[in-house]
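Worksheet: one structure, shown below.
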Amino acid sequence: MAESAEVLVVGAGPAGLALACALRLHGVAVRVVDRAQGPATTSRANILHARGAEVLDRLGALGDLPGRSAPSLVLTTYIGGRAALVTRFGEAGPGTPKPALVLPQTDIEAQLRSRLAELGVDVEWGTALTDLAEDDHGVTAVLDGGRKVRAGWLAGCDGSHSTVRKLSGIPFPGAPLTDQWLLADVHAGWDLARAGGHGWAHQDGPLFAMPMPTPAGGGADDRWRLMAYLPGAKDEELTEPEILTAFRRLVGERAGLDGEKIRHAVWASVFRVHRRLVDAYRRRRILLAGDAAHIHSPMGGQGMVTGMGDAENLAWKLALVIQGHAGERLLDTYQDERRPLATEVLRNTSATTRLQIGDSPLLRLLIKWVLVPLGNHPAVQRRSTQIASQLGVSYRRGPLAVRGSLPGPGRRPRSGDRVPDLRCVDADGDVTRLHAELGGRWALLATARAAPACQSEASASLGDRVVVLTPAGWRDDEVWLVRPDAHLAWRGRPASGGLGRWLRGALQQGRAQA
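Per UniProt numbering, residue 1 is the first one in the sequence shown, and the count goes up by one each step.
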């Protein structure tokens, strides 16, 4: 007899772990398998932007990560040996108490695994998916050794070489963008300021050095993340000593640093930048998230935050379907809302990569005399930070977004927008935060007088996972319904009937009704 689960998550990276945590908060039975023999000990990613930190907060998985993060996000770009551009990633906007986390991906994954264990689920390591079969009622997954798991749904969060995607036959079109890049975490005795990262523009390609936080167990404060582009390099594997030798040469040629001060590498790797996006995020009962659905340049650090955003968006929709509160068509809105964002991320990161590796005289002049002065402007930096943080992501053009019955269609937030982490009072009169009350719940923002008119409608459609909160200064004639991923579902007057229409349309047809 096959083992069973409501959802089988394949892949224990950030997207898979975030999805599993979110589903458990919604009361869904989950299993997580990964073909690796244990947690990763090295990682390419070393930044999680503010949107990702908010996801961790809503999942109850933020823990002590902010205290362990590097203190600030500053990148100094050097041209001709001089500091030409200083990019400061500071406060990304109002209502943003969670700054970006400058930490290795391994630390973030460990925090998510700890939270998942608190929710009653341990990752099943050394367990590879070898085959799958779908029918109208679920998926039969075949694991190593012929063991079978019967699941209602299967989520592929297993990275760019996703077995789930390949077995399901979902196309993954795209192409490589660049030649090889070298990557390494090293111990080096340079006098570079560790308050931020450094990047050197060079005709042979850029070189970056980012300070790494001191390990939790202590140690010397001399770890650096190095990344360098190698134009025209052959697509071949290099050994760690070969990569280290290359970096000792490159830091001298491109940055004027003493390569001999690189003492040794913690780890090293070679990679190529690809741009790929799946044709479909869902095929019947198979769903894809994170790098299994989209891969792009690491420029801008958008990988983890995008994958975790996928997971949080998918989790509440899948939970509603599993628990009988919504029809399966609601799951189609997962792609409708998330694929446009992935398309934008691919476009932006690809453009940044091409600027970094471009070596034509015209491009170098454009960078020096136009892009650098423009990039130093505070308004441009604020806009860049807003884009990188993904706090400005909105689904107002998606199928679930409608205008409420309030006058003034330009008022914000509008249906589909992210709602800031508002200070609220709960039904017991205790002070709390909006995002702290979400995770596996919806929030109805209303005064005590106005709430009853909408609370029964919301609870009838969403079950017992609706919490009533009153933000400071709230008005009796206004009610908001906030989704578990902190986006505004509906906004209107309590007695308008609009909330019921939105719930019926969105949950049963996957399309909102005004």
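Using N, Cα and C, we set each Cβ at its ideal position, and we do this for glycine too.
None of these values were measured; they are calculated from a predicted model.
Residue i and residue j closer than 8 Å at C-beta
i           : j    : result
L314        : V419 : no
V270        : E237 : yes
P340        : A512 : no
V32         : V121 : yes
W190        : L244 : no
L62         : P213 : no
A486        : R58  : yes
I262        : E134 : no
residue 536 : L445 : Nothing about residue 536 can be read from this structure; the chain reaches only from 1 to 514.
V74         : G196 : yes
S43         : R150 : no
M299        : Q105 : no
Distance, residue j Cα to residue i Cα
i    : j    : result
A155 : P171 : 16 Å
P99  : G138 : 40 Å
L8   : S114 : 19 Å
S461 : R475 : 25 Å
P407 : R493 : A caution first: P407 carries a pLDDT of 47, below 50, which makes its placement in the model too unreliable to give a value.
V266 : T470 : 50 Å
Y229 : T87  : 21 Å
E328 : L65  : 36 Å
F208 : D222 : 15 Å
G93  : S389 : Any reading at G93 must be qualified, since the residue scores a pLDDT of 47, below 50, and its modelled position is unreliable; no value is offered.
H187 : R254 : 19 Å
S405 : W502 : Caution is warranted here: a pLDDT of 47 is assigned to S405, below 50, making its placement in the model unreliable, and the coordinate value is therefore given only provisionally. Each residue's Cα considered, the two are about 12 Å apart.
A201 : T77  : 7 Å
S456 : R504 : 14 Å
G473 : T140 : 52 Å
V142 : L19  : 21 Å
M227 : R491 : 46 Å
A401 : G416 : 5 Å
L132 : A458 : 37 Å
V335 : L288 : Here the sequence assigns Gln to residue 335, which means Val is not the residue at that position. Straight-line Cα distance between these residues: approximately 10 Å.
I108 : R35  : 19 Å
F247 : W181 : 11 Å
R82  : R272 : 29 Å
Neighbourhood of residue i by C-beta distance below 6 Å, restricted to the same chain and skipping five residues each side
i           : result
L56         : L62
G301        : I47
residue 517 : The structure shown has nothing for residue 517, since the chain only spans 1 to 514.
A293        : V278 and Y281
S168        : R283 and I286
E478        : none
D332        : G510
R225        : N46, D185, M210 and M212
L25         : G439 and G440
Three-way DSSP call (helix, strand, coil) for residue i in this model
i    : result
K98  : coil
F172 : coil
P420 : coil
R276 : strand
R58  : helix
P407 : Bear in mind that a pLDDT of 47 at P407, under 50, signals an unreliable position, so the number given afterwards is only what the model happens to contain. Correct three-state label for P407: coil.
A92  : The pLDDT assigned to A92 is 46, lower than 50, so where the model puts this residue is not dependable; a value taken from the coordinates is nonetheless given after this. Coil, per DSSP.
I322 : helix
I47  : coil
A195 : coil
D179 : strand
M304 : helix
H294 : strand
D135 : strand
A315 : helix
G498 : helix
T87  : strand
V121 : coil
R433 : strand
P231 : coil
E337 : helix
Residues near residue i in its chain [Cβ-Cβ closer than 7 Å; skip 5 each side]
i    : result
P484 : W316, L438, G439, G440, R441 and W442
Q37  : W125 and G126
D158 : V10, G11, V164 and A292
C454 : L444, A446, V479, P494 and L499
P413 : V419 and L488
R396 : R414, S415, G416 and D417
A70  : V102, P211 and P213
Residues near residue i in its chain [Cβ-Cβ closer than 8 Å; skip 5 each side]
i    : result
V393 : R51, G309, L341 and R418
R249 : G259
With a cut-off of 8 Å, do at least 3 Cβ pairs link the stretch 466-478 to the stretch 435-448? Result yes; three or more Cβ-Cβ pairs closer than 8 Å.
Decide if the stretch 299-312 is in contact with the stretch 45-63; the criterion is three or more beta carbon pairs, one per stretch, under 8 Å apart. Contact holds: three or more Cβ-Cβ distances are below 8 Å.
For the pair the stretch 173-183 and the stretch 25-42, tell me if three or more CB-CB distances fall below 8 Å. Because the criterion of three Cβ pairs below 8 Å is not met, the stretch 173-183 and the stretch 25-42 do not touch.
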